[in-house]
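*Asks:* Residue numbers for the sequence shown follow this note's numbering, so the first one is 112 and each next one is one higher.
Note that the Cβ used here is the ideal one computed from N, Cα and C, for glycine as well.
Questions regarding the structure given below will be posed in turn.
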Amino acid sequence: MREDTELKLAIIELDGCIFSLNRLRYNFYKNLCKKKNITVTPEEFYHSLGNMYSMYETLPLATTINSQKLNATVEKDLYNYLNMKGLSPKDGVIELFEYFRQNNIPIAVVSTHKTKTAINYLELGSLYRKVDYVIGCDTDIKALPSEELLAYIDKRFQVTPKDTLV
């Protein structure tokens, strides 16, 4: 078992760990499919998630709607909806962030969104001032699950993988 004093960095994923954005995306996509008499299971949807530029390419609507235009529409509508409704982090996130703060453990947030959009979501959820670094998909670094992104962040914070919680 690891000692908490060994932990020097926490890397947390925005879209599924901090906020339930993927659940909201699925609901939006499912409703679009329903209008065209197409069904999509949560498993099919979640399996296709990843890079913001290609996440809808393998899903059923890709044959009728340009996936990049669809992505732009989904993301715009999702952000506008959350801007009006409000955005709360998942249960336990605020307490986890506070634990890291109390123990001087920096928090890096990774996202499938562009960095600016990820920051906007963190601001909507009143968390931006609680994180130390945000990186989105608008870099040349391969996204998760590639280890390239993790290595980049570890190097930036001058820590090793064994010092990092992901």
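Going along the chain, which unbroken runs of the alpha helix (DSSP H) with 4 or more residues stay wholly within the stretch 184-237?
*Replies:* Correct list: 204-213, 226-235.
*Asks:* Nearest to A219 by alpha carbon, out of N138, G247, P256, L189?
*Replies:* Nearest of N138, G247, P256, L189 to A219, Cα basis: G247.
*Asks:* Using CA atoms only, rank isn't needed, just tell me which of D243, H224, L172, Y157 is closest to N148.
*Replies:* For N148, the nearest C-alpha among the options comes from L172.
*Asks:* Taking all protein chains shown into account, do 16 or more other C-beta atoms lie within 10 angstroms of the C-beta of R212, making it buried, or fewer, making it exposed?
*Replies:* With fewer than 16 Cβ atoms within 10 Å of its Cβ, R212 is classed as exposed.
*Asks:* Under the three-state reduction of DSSP, which class applies to M112: helix, strand or coil?
*Replies:* Residue confidence is low: M112 scores 41 on pLDDT, short of 50, so the model does not pin down where it sits. No coordinate-derived value is stated.
*Asks:* Tell me, to the nearest whole angstrom, how far the beta carbon of F130 is from that of K201; I am working on the premise that it is less than 8 Å.
*Replies:* Correct: roughly 7 Å between the Cβ atoms.
*Asks:* Would you identify the three-state DSSP class for Y167, choosing helix, strand or coil?
*Replies:* Coil, per DSSP.
*Asks:* Between R267, L235, A254, which lies nearest to D243 when the distance is taken from Cα to Cα?
*Replies:* That would be R267, whose Cα lies nearest to the Cα of D243.
*Asks:* If you follow the beta strand (DSSP E) that E74 is in, where does it begin and where does it stop?
*Replies:* There is no way to answer for residue 74, as the model of the chain reaches only from 112 to 277.
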